[in-house]
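Each residue of the sequence shown is one higher than the last, beginning at 312 in the working numbering. C-beta atoms are modelled at their ideal positions from N, C-alpha and C, and glycine is treated no differently. Note sheet for the following structure.
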Amino acid sequence: MADLPGKARVVIIGGGVIGCSVAYHLTKKGWSDVVLLERKQLTSGTTWHAAGLIAQLRATANMTKLAKYSQELYGSLEQETGVATGFKRCGSITVALTEERREEIYRQAAMARAFGVEVEEISNERVQELYPHINLEDVKGAVYLPLDGQGDPANIALALAKGARQGGAVVKERTKVTEIVKQGRKVTGVDWVSDDGKDSGHIECDMVVNCAGMWGHEVGRMSGVNVPLHACEHFYIVTENIDGMTQLPVLRVPDECAYYKEDAGKILLGAFEPNAKPWAMNGIPETFEFDQLPEDFDHFEPILEAACNRVPLLAEAGIHTFFNGPESFTPDDAYHLGLAPEMDNVWVAAGFNSIGIQSAGGAGMALAEWMDGGEKPFDLGDVDISRMQPFQGNKKYLFERSKETLGLLYADHYPYRQKATARGVRRTPFHHHLLEQGAVMGELAGWERANWFANPGQEREYQYSWKRQNWFNNSAAEHRAIRENVGMYDMSSFGKIRVEGPDAEAFMNYVGGGDYSVPTGKIVYTQFLNRTGGIEADVTVTRLSELAYLVVTPAATRLADQTWMERHKGDFNVVITDVTAGEGVLAVMGPNARALLQKVSPADFSNEVNPFGTAQEIEIGMGIARVHRVTYVGELGWEVYVSSDMAGHVFETLHEAGQDMDLKLCGMHMMDSARIEKGFRHFGHDITCEDHVVDAGLGFAVKVNKPADFIGKQAVIERKENGPKNRLVQFKLTDAEPLLFHNEPILRDGEYVGYLSSGNYGHTLGAAVGLGYVPCEGEKAADVLASTYEIDVCGVKVKAEASLKPMYDPKSERVKA
């Protein structure tokens, strides 16, 4: 095939809207040797049958920024390429049929204001005015986003493809990648064959991008990377032409799992039903191209019935098309973007969970920036492929989880909501002990974790709400135990990475901001930084011996943090190993933690022998363990590390010894409420790769005076000299009733200036507490604190106290007791 080169800088696999967007944006960056290969025709997978809804508001500020960018791009593409994208701003309305949903959409509206998205809460009368065909029965509230839009999915993709070609890319249809050739951690090229089998060849390349949509999992395996996603059936109907039908806003009725889009005088009704139908468990048919799946009217009927009541003209209009087509869904309903952790030149943009059209422009731009610059252009933690755990590529797991993830798009997005499917995969050594004591499990990165403990006779399940949930008082009691007496909780799910070898000390001093030239047994809290001083990882590092360190990471980021270290290993002679499953960890925390440990161990836990920030090997019960004197809850305490074989014995020993001391078993909800009172940062929320370590108030953990050069050192020195551009401030509401979760807007002297990065209830402080950044370039700390602050909770402005020091135990006297 003469028109395909033998060598390219990048080969993009998949010609849906995402692949076309990546090709377009790479050419905009000046990349000319870009090749896109599509097995059949452009858009013939899932793009062609997408509904084409293009909303602005997403769950986080950066995802919203990308969605807004998509809109702006689609609005200008026609002028650039001559291909009509059909993009128009028609606005969207979301209506709530319950009080709980009303709170959700009003909280989303408040968040939209913080993210700079035009939004208004509207009355039922205004809903009727904007959407005359709606039946307002049971409507409890509504939100209107006037700048939301819709477009023609296939033409958007074709416009991007044309733009890419104009920029010098080769876009080749009917050319399937049959093999991806690898050498070590790198891909060296791809083998291809034409659709008719008459032509074949090889393209040598510097990198590949997997934009294969619902084939992404299969293409991932070919390239040696894990891309967890599964296709599900997605249903919609299109009515016959309706006389006099004019442009309408998109209408979403999530409580009835439905959305309505006016399109050329017809209405399209689509559904995200709670029990989805996974598709193609045994692989996608080789011939699939613009295919429809068999109709299943019985499955869709309950949605249609509710819809005919909600928009009565549907009942009279007649159905022109009943459509069923596949869409790909990921285990957590967020798409996959970025550099795959298993390989050094395999990129991924796939698994768009039915929001591919509104995401494609921004995702393509972000990935192209990342590929071109070599670093993430901003925090993409929500969608970074490295958040996925290796087991999540398991096909049975994906089949079970995908039944739920489609429906979760329109389910109530309650705080603390746990996934119901594909559970129980990863269990700590204490799992059954905790269940016997009333633990109610949540799930994170596949780990089953005790989130709270039910009282005898209490139902051991979540009852979700935007108000105080059924476990609120349980968690408050656990919180009090930690503050006033002693509590114990399971931290085994936190990542444990062993760094060992002749260069271990030099390597740690290069990759981390702390000073690791410390005696054996010393614990260093610190960050891994990028070149701009942003925080890539938030870790606790213990020196185990002259040649070995243990790096402890959050549970969800173990793979990402280990990958960061591997990618910066260079010529350092070290071995980096995941040892998470090798040890169980019990945190024993509270004013009486020392007394409890003294009952079960002959070791000396005094400040003289085991001061804060040190570890020691101990005998405990009839076994042995290692105790680390650190805390994430702001109290005297130790984390007890015990090999998995002795974990059960150590749990029983501590639990039994604690009975006459009123030892309380505690969960992860308690840990979060206690850490936020102490102002401890939560990675992924309060601190990310785009938050400068000095702005985050963590400059103390970065040692610019250590002899070693380290990643980000220059950026830290400059920011320490020039002062922070933002400050992470702790807020406490002056009203004890409202709850904070995250993303609530911050008002400074009456002006919106930011939003909370995290929130929880401060049971000791007596009100909800949040952390959030306040822009303050050129200002002193005193200037920031001199202002008055309010937090917008669900549209109501609530006064808040602000502090730059922890509101609880600011001098850490309790920790060092």
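Check	Outcome
What residue does the beta strand (DSSP E) around N521 start on, and which one ends it?	S511 to N521
Less than 8 Å separating the beta-carbons of I1028 and I1102?	no
For the beta strand (DSSP E) containing F546, name the first residue and the last one.	H541 to T550
Who pairs with G341 in a beta bridge, going by DSSP?	Bridge partners of G341: none, in fact.
I'd like the ranges of any alpha helix (DSSP H) spanning at least 4 consecutive residues and lying wholly in the stretch 378-404.	none
According to DSSP, is T557 helix, strand or coil?	coil
Does Y1129 come out as helix, strand or coil in the three-state DSSP assignment?	Residue 1129 is absent from the model: the chain starts at 312 and stops at 1128.
Note down the Cα distance separating I433 from L691, rounded to an integer number of angstroms.	32 Å
Am I right that V428 and V406 are in contact with their C-beta atoms under 8 Å? What's the rounded C-beta distance?	Contact doesn't hold; Cβ gap of about 18 Å is too wide.
Would DSSP call E711 helix, strand or coil?	helix
By a C-beta neighbour count over all protein chains shown, 10 Å radius and 16 as the cutoff for buried, is I630 buried or exposed?	exposed
Taking only heavy atoms of the ligand ADP into account, decide whether any of them is closer than 7 Å to the Cβ of E431.	Among the components of this structure there are no ligands whatsoever, and the ligand ADP is therefore not found.
When burial is assigned at 16 or more other CB atoms within 10 Å of the CB, is R563 buried or exposed?	buried
Between the stretch 638-646 and the stretch 659-679, can you find at least three pairs of beta-carbon atoms closer than 8 Å?	yes
I need the DSSP call for M298, collapsed to helix, strand or coil.	With the chain represented from 312 up to 1128, any question about residue 298 goes unanswered, as that position is not in the structure.
What are the residues that DSSP puts in a beta bridge with F633?	I548
Assuming V501 contacts V519 under a Cβ cut-off of 8 Å, what Cβ separation, rounded to an integer in Å, is found between them?	6 Å
Would a C-beta distance cut-off of 8 Å place V430 and V454 closer than the cut-off?	yes
Which full runs of the beta strand (DSSP E) of 3+ residues lie inside the stretch 1011-1046, going along the chain?	1037-1044
Determine, using beta carbons only, whether A334 and L315 come nearer to each other than 8 Å.	no
Can you look up G692 in the DSSP assignment and give me helix, strand or coil?	coil
Specify whether the stretch 962-981 and the stretch 920-927 touch according to this definition: at least 3 beta carbon pairs, one from each stretch, less than 8 Å apart.	no
In the DSSP assignment, find the unbroken beta strand (DSSP E) run with R532 in it and report its ends.	Element bounds for R532: not the beta strand (DSSP E) but the alpha helix (DSSP H), G527 to M533.
Ignore the nearest five residues each way along the sequence and tell me which others in A866's own chain have a CB closer than 7 Å to its CB.	L755, A756, W758, S804, F805 and G806
Considering only the alpha carbon of each residue, which of G1070, C522 and E1062 lies closest to P726?	G1070
One question on the structure: do V1080 and R1059 come within less than 8 Å of each other, judged by their Cβ atoms?	no
Roughly how many angstroms lie between the CA atoms of A936 and Q748, to the nearest whole one?	23 Å
Is there a Cβ from chain C that is less than 8 Å from the Cβ of Y708?	In the displayed structure, chain C is absent; only one protein chain is listed.
Going by alpha carbons, who is nearest to S990 out of L1039, F1011, V1004 and F1021?	Note on residue identity: the sequence assigns Gly, not Ser, to residue 990. Minimum Cα distance to G990 is reached at L1039.
Quick one: what does DSSP say E919 is sitting in, helix, strand or coil?	coil
Roughly how many angstroms separate the alpha carbons of D554 and G356, rounded to a whole number?	33 Å
List, from N- to C-terminal side, the beta strand (DSSP E) runs of 3 residues or more that fit wholly inside the stretch 800-882.	806-811, 834-840, 846-856 and 859-864
Using only the alpha-carbon positions, how far apart do R400 and D574 sit?	13 Å
Alpha carbons only, please: which of D1046, K1043 and V1015 is nearest the one belonging to E1032?	V1015
How many angstroms separate the CA atom of R710 from the CA atom of V657?	Sequence check: residue 710 is Phe here, not Arg. When rounded, the distance between both Cα atoms is 25 Å.
Let me make sure I understand the geometry here. Which of I846, Q477 and L650 has the alpha-carbon closest to that of A1026?	I846
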